[in-house]
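Before any comments, here is the structure.
Numbering (the working numbering), first residue to last: 521 to 990.
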């Protein structure tokens, strides 16, 4: 399954909308972030925003660290050799190489803050899941945990859950409880678990892009997926694990949908069921990631194939039945969480600022190259979406990529407008952001290396100028 079915038909080179427009788009993105920082600082009188360096959950703290030199070396290798290797490596080797390179990039960036602060202790703070693991595993059974989970979400509840435990369905916490139960105790194992999952995201996105838009575009996107500035938050956070689950759910769905007419029946059905299991798990990792269904629908629209849907739904149903039978009702948990959210920082932070500052924060996660690529993406959007109309030929090649990215943009905007994402979106939106990154495949090849350099510079600057927290 790793290599997938034959790629989508090759198509002509995407039209070039011009380098001046790319520079303007990148400049606008930079100004947007700067404006959000200046205005956010002005609004933050009396800690109104509950942030030290708006719009980010981070503190301004220029520093060097033990990972500085390795990160510089990794960045140089990526810029000098990444595009060439992406073009020349055999497909399966490219997937493995992307996983290995992403693992290294995530770890050296985290190491800039020191091994303990950047890697080992990141998931051991008072807000994190690991704080509750010992208590949960000491209970008579996980059913006891599930049955009483919702009662301890409210901020005024006796012995309420830590912020991250309360802010997510119980599947997130149970993941780390399971690691502990099988002997992988403490922050180091939890961190490495998240890093290895997060590092697989480029491979999952590459598989999807190859199936829907063709191998040429997938290969062009590869270096930008591996050396993305988002790596600053992918390593090390639980949201990186969520992003990987979502990415592989979409990848398996693409393989199932495209492979139905080419692969043996058991193969595409198995991929569809696997996709459903991952989509279902995603719903019990984060309430907001139900919006990843929009990306899944885009895959089905692009392939014009709906037969995998029942298998996907069966996979989702496994988790719904298991958690509901255990005593946790998803919608009830979400309703109580909304009350807690607005009783805390979510009720204090102004919607009018964060509704656009959330987007501005993504400039640091997707990088200026993605902003530049959106200049190439925008003019093709309407024409590509027309291809989804009944009776028309489904979009292929770069047009399919345009639609795929549009679905992620829609998911991100819905999350933004919901009012349930005020700050911390540089981390919380990682599962959506990773689907914006392949738009960089639309950048003309002769300028791609310069934009890749801009990406690694962005990642290095962010990690050296801020101390990110969550």
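Heads up, the beta-carbon is just placed ideally off N, CA and C, and yes, glycines get one too.
In angstroms with no decimal places, state the Cα-to-Cα distance between residue 855 and residue 990.
In this structure, the alpha-carbon of residue 855 lies about 23 Å from that of residue 990.
Starting from residue 579, trace the beta strand (DSSP E) in both directions and tell me its first and last residue.
578 to 580
Are the beta-carbon atoms of residue 979 and residue 731 separated by less than 7 Å?
no
When DSSP labels each residue in this structure, what does residue 521 get in the three-state scheme?
With a pLDDT of 43 at residue 521, under the threshold of 50, the predicted position of this residue should be treated as unreliable, though the coordinate-derived value follows. In the structure shown, the three-state DSSP call for residue 521 is coil.
CB-CB under 8 Å to residue 903, same chain, minus the five flanking residues each way: which ones, in chain order?
Excluding sequence neighbours, residue 903 sits near 919.
Are the CB atoms of residue 758 and residue 542 within a distance shorter than 7 Å?
no
Expressed to the nearest angstrom, what Euclidean distance is found between the alpha-carbon atoms of residue 558 and residue 945?
18 Å
Counting only runs of 4+ residues fully inside the region 936 to 980, write out the alpha helix (DSSP H) ranges in chain order.
Counting whole runs of 4 or more residues, the region 936 to 980 contains the alpha helix (DSSP H) stretches 945 to 948 and 950 to 953.
Spatial neighbours of residue 890 in its chain, beta-carbon cut-off 7 Å, leaving aside the 5 residues before and after
956, 957, 959 and 960.
Count the other CB atoms, across all protein chains shown, that sit within 10 Å of the CB of residue 673; report buried if there are 16 or more and exposed otherwise.
buried
What residue range does the alpha helix (DSSP H) around residue 804 cover?
Neither: residue 804 is in no alpha helix (DSSP H) and is coded neither H nor E.
Which ranges would you report for the alpha helix (DSSP H) in the region 565 to 641 if only whole runs of at least 4 residues count?
588 to 608 and 611 to 631
Please state the DSSP three-state secondary structure of residue 645.
coil
According to DSSP, which residues form a beta bridge with residue 987?
579
Alpha carbon to alpha carbon, how far is residue 705 from residue 642?
Between the C-alpha atoms of residue 705 and residue 642 there is a straight-line separation of about 14 Å.
Taking 8 Å as the cut-off, does the region 812 to 825 touch the region 708 to 718 (at least 3 CB pairs, one atom from each stretch)?
No, the region 708 to 718 is not in contact with the region 812 to 825.
Please state if the CB of residue 736 and the CB of residue 606 are separated by a distance shorter than 7 Å.
no
Taking the C-alpha atoms as reference points, what is the distance between residue 611 and residue 729?
Residue 729 has its alpha-carbon roughly 13 Å from the corresponding atom of residue 611.
Let's test the definition: count the other Cβ atoms within 10 Å of the Cβ of residue 625 and tell me whether it reaches 16, buried, or not, exposed.
buried
Under the rule that 16 or more other beta-carbon atoms within 10 Å means buried, what is residue 648, buried or exposed?
By the 10 Å Cβ count, residue 648 comes out buried.
Taking the straight line between their C-alpha atoms, what separation do you get for residue 663 and residue 768?
28 Å
Are the region 922 to 934 and the region 805 to 817 touching by the rule of at least three beta carbon pairs closer than 8 Å?
Touching, yes.
Look at the Cβ atom of residue 801, then the Cβ atom of residue 839, and state whether they are nearer than 7 Å.
yes
For residue 522, does the count of other Cβ atoms within 10 angstroms reach 16, so buried, or fall short, so exposed?
The predicted model places residue 522 with a pLDDT of 43, which falls under 50 and marks its position as unreliable; any figure quoted below should be read in that light. When all chains shown are included, residue 522 counts as exposed.
Run through DSSP, which three-state label would residue 878 get?
helix
Does the separation of the CB atoms of residue 622 and residue 719 fall below 7 Å?
yes
Whole angstroms is fine: what's the gap from residue 974's alpha carbon to residue 617's?
22 Å
For residue 536, which residues of its own chain have a beta-carbon under 8 Å away from its beta-carbon, when the five flanking residues on both sides are left out?
For residue 536, where only same-chain residues beyond five positions count, the Cβ hits under 8 Å are 896 and 964.
Using only the alpha-carbon positions, how far apart do residue 512 and residue 844 sit?
Past the edges of the chain, shown from 521 to 990, lies residue 512, and the structure says nothing about it.
Give me the Cβ distance between residue 860 and residue 942, rounded to the nearest whole Å; I'm assuming they're in contact under 8 Å.
The pair is not a contact, with the Cβ atoms about 14 Å apart (cut-off 8 Å).
With H, G and I counted as helix, E and B as strand and the rest as coil, what does DSSP make of residue 559?
helix
Considering only C-alpha positions, which residue in the set 884, 914 and 935 is nearest to residue 549?
That would be 884, whose Cα lies nearest to the Cα of residue 549.
Secondary structure at residue 735, three-state DSSP: helix, strand or coil?
helix
When you compare the CB positions of residue 568 and residue 865, do they come within less than 7 Å of one another, or not?
For residue 568 and residue 865, no; Cβs fall outside 7 Å.
Quick check: the Cα distance between residue 655 and residue 578, rounded to an integer number of angstroms?
29 Å
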